[in-house]
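Numbering (the numbering used here), first residue to last: 47 to 139.
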């Protein structure tokens, strides 16, 4: 009987679940990066004289517009701060 109790205790498992804060990008940063990339591509395609100059101007305008869009989304839908926690689960067989 004592052997059965000890073997049941040995089979217990511990599971740790951790959530990190700042795991994802903020919406302003994401909007600025995506807007800059789209703006650079569009500026390079639409520029008649110099593709590099058009890409640079388009990237600046796109990043600014993406930042403003992301900032408005952050204000409208604020994110919830998550904290780290630890959960222990024991299974007995």
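We treat Cβ as the ideally placed atom computed from N, Cα and C, and that holds for glycine.
Beta-carbon spacing of residue 85, residue 93 below 8 Å: no
Nearest candidate by alpha-carbon position, reference residue 104, set 115, 91, 114, 122: 91
Check whether residue 109 and residue 87 have beta carbons under 8 Å apart: no
Residue burial classification, residue 113 (beta-carbon count within 10 angstroms, cutoff 16): buried
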